[in-house]
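Here the structure comes first, spelled out in structure tokens, and everything after it is commentary.
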Amino acid sequence: MDQKQIEEIVRSVMASMGQPQTAAAAPEATVTKCASRCEVAAESCVLDLGSPEAKGWIGVQQPHRAEVLAELKRSTAARVCTGRAGPRPRTLALLRFLADHSRSKDTVLKEVPEEWVKTQGLLEVRSEISDKNLYLTRPDMGRRLSPEAIEALKAQCVANPDVQVVVSDGLSTDAITVNYEEILPPLLSGLKQAGLKVGTPFFVRYGRVKIEDQIGEILGAKVVILLVGERPGLGQSESLSCYAVYSPRVATTVEADRTCISNIHQGGTPPVEAAAVIVDLAKRMLEQKASGINMTR
Numbered sequence: 000m001d002q003k004q005i006e007e008i009v010r011s012v013m014a015s016m017g018q019p020q021t022a023a024a025a026p027e028a029t030v031t032k033c034a035s036r037c038e039v040a041a042e043s044c045v046l047d048l049g050s051p052e053a054k055g056w057i058g059v060q061q062p063h064r065a066e067v068l069a070e071l072k073r074s075t076a077a078r079v080c081t082g083r084a085g086p087r088p089r090t091l092a093l094l095r096f097l098a099d100h101s102r103s104k105d106t107v108l109k110e111v112p113e114e115w116v117k118t119q120g121l122l123e124v125r126s127e128i129s130d131k132n133l134y135l136t137r138p139d140m141g142r143r144l145s146p147e148a149i150e151a152l153k154a155q156c157v158a159n160p161d162v163q164v165v166v167s168d169g170l171s172t173d174a175i176t177v178n179y180e181e182i183l184p185p186l187l188s189g190l191k192q193a194g195l196k197v198g199t200p201f202f203v204r205y206g207r208v209k210i211e212d213q214i215g216e217i218l219g220a221k222v223v224i225l226l227v228g229e230r231p232g233l234g235q236s237e238s239l240s241c242y243a244v245y246s247p248r249v250a251t252t253v254e255a256d257r258t259c260i261s262n263i264h265q266g267g268t269p270p271v272e273a274a275a276v277i278v279d280l281a282k283r284m285l286e287q288k289a290s291g292i293n294m295t296r
């Protein structure tokens with residue numbers, strides 16, 4: 000957050016409180032005033048706790064070098080420069096923590112809308128799970144397809160592909176809905192341009208990572224790529240993971256056989272860039288006929 004942005008925050012907050020605007024202060028004073036105004040705004044429900052203003056808030060009172068703190072805030076999304084009120088966190092820091100925690104819980108409990116799946120033109124199948132509560136308490140059932148899903152895949156999907164791409168909600172609905180359009184089209188296009196036979200992409204509701212083993216076995220896929228929502232962190236609910244495995248089998252494939260690319264989102268590995276990396280990974284898996292720890296660099 001630069002000096003101009005800080006001054007803008009101060010002016011907007013003071014205007015919302017009905018107080019006269021004053022001339023810009025020195026950097027140190029501005030940071031201190033911004034901190035207090037942001038706290039007042041948060042307590043009066045004026046400030047959106049997920050907004051850039053709240054995320055860029057500096058809670059250190061009377062900093063020795065305010066510009067250093069501002070540069071630190073710009074360089075990371077971590078919870079730095081929040082300050083303390085004695086042994087306790089400051090009000091805005093605590094409110095932001097609670098808001099981010101709530102956002103993370105929401106994305107775990109939300110459902111991917113059926114309308115969204117239809118809009119993307121994806122075939123939808125399910126694991127043995129019937130609802131979100133069962134999904135969270137019975138991960139073993141999320142590793143197996145329902146009988147109806149097995150029949151649907153056999154009837155509607157391309158058999159024996161070089162690469163089968165699967166999308167699943169996992170533990171983050173936002174990860175799928177936010178990143179889908181930026182990762183799947185370039186991924187499918189890249190695989191086809193590489194001369195690979197690509198299977199029918201589809202969506203698995205309530206899927207766990209190991210469900211890709213059964214999918215690969217049923218369809219006879221050489222490589223299975225699963226795009227699944229990661230367990231969300233505080234304030235980061237849009238992170239996607241890719242789990243790729245060569246010639247998976249339910250009885251013999253173990254976690255060390257998978258290659259994982261994680262942290263796919265705009266604040267981490269950009270989805271378009273991740274798509275290119277996944278295409279290259281699939282090509283190397285087919286060349287080496289291996290995945291996970293069995294691959295050579």
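Quick note: the sequence shown uses numbering that gives the first Met the number 0, first residue 0, plus one each step.
Glycine included, each C-beta is placed from N, C-alpha and C at the ideal position.
Quick caveat: nothing in here was measured; it's all calculated off a predicted structure.
Less than 6 Å between C-beta atoms, sequence neighbours within five positions excluded: which residues of the same chain meet that for residue i?
i    : result
A24  : With a pLDDT of 42 at A24, under the threshold of 50, the predicted position of this residue should be treated as unreliable, and no value is reported.
A154 : none
G234 : D99
D173 : T106, S236 and E237
S167 : V203, G206 and V227
For residue i, which of helix, strand or coil comes out of DSSP?
i    : result
A243 : strand
Q235 : strand
Q61  : coil
S171 : coil
E123 : strand
R78  : coil
A98  : helix
R83  : strand
P184 : helix
D105 : helix
D279 : helix
Residue i and residue j look like a contact to me (Cβ under 8 Å); what is the Cβ gap, rounded to whole Å?
i    : j    : result
L152 : I217 : 6 Å
I224 : V164 : 5 Å
G198 : A274 : 16 Å between Cβ atoms; not a contact.
For the beta strand (DSSP E) that residue i lies in, which residues bound it at each end?
i    : result
L225 : V222 to G228
N262 : R257 to I263
Report all residues from its chain with a CB closer than 7 Å to the CB of residue i; omit the five preceding and five following residues, and keep chain order.
i    : result
V59  : L68, C80 and G82
M0   : Residue placement at M0 is poorly supported in this model, since its pLDDT is 48, which falls under 50; the coordinates are not used for a value here.
A28  : The predicted model places A28 with a pLDDT of 43, which falls under 50 and marks its position as unreliable, so this point remains unresolved.
Y242 : V208, E211, L225, V227, R257 and C259
What are the residues that DSSP puts in a beta bridge with residue i?
i    : result
V165 : F201 and L225
P146 : None, per the DSSP bridge assignment.
P88  : R83
Tell me the residue span of the alpha helix (DSSP H) that contains residue i.
i    : result
A269 : One point to set straight first is that residue 269 is Pro, not Ala, in the sequence displayed. Segment: none, P269 is in no alpha helix (DSSP H) and carries neither H nor E.
T295 : No alpha helix (DSSP H) holds T295; DSSP gives it neither H nor E.
P51  : P51 to K54
I210 : I210 to L218
E113 : E113 to T118
K131 : K131 to T136
Residues in its own chain within less than 8 Å of residue i by CB, not counting five upstream and five downstream?
i    : result
V124 : L144, S145, E147, A148, A151, L152, F201, F202, V203 and R204
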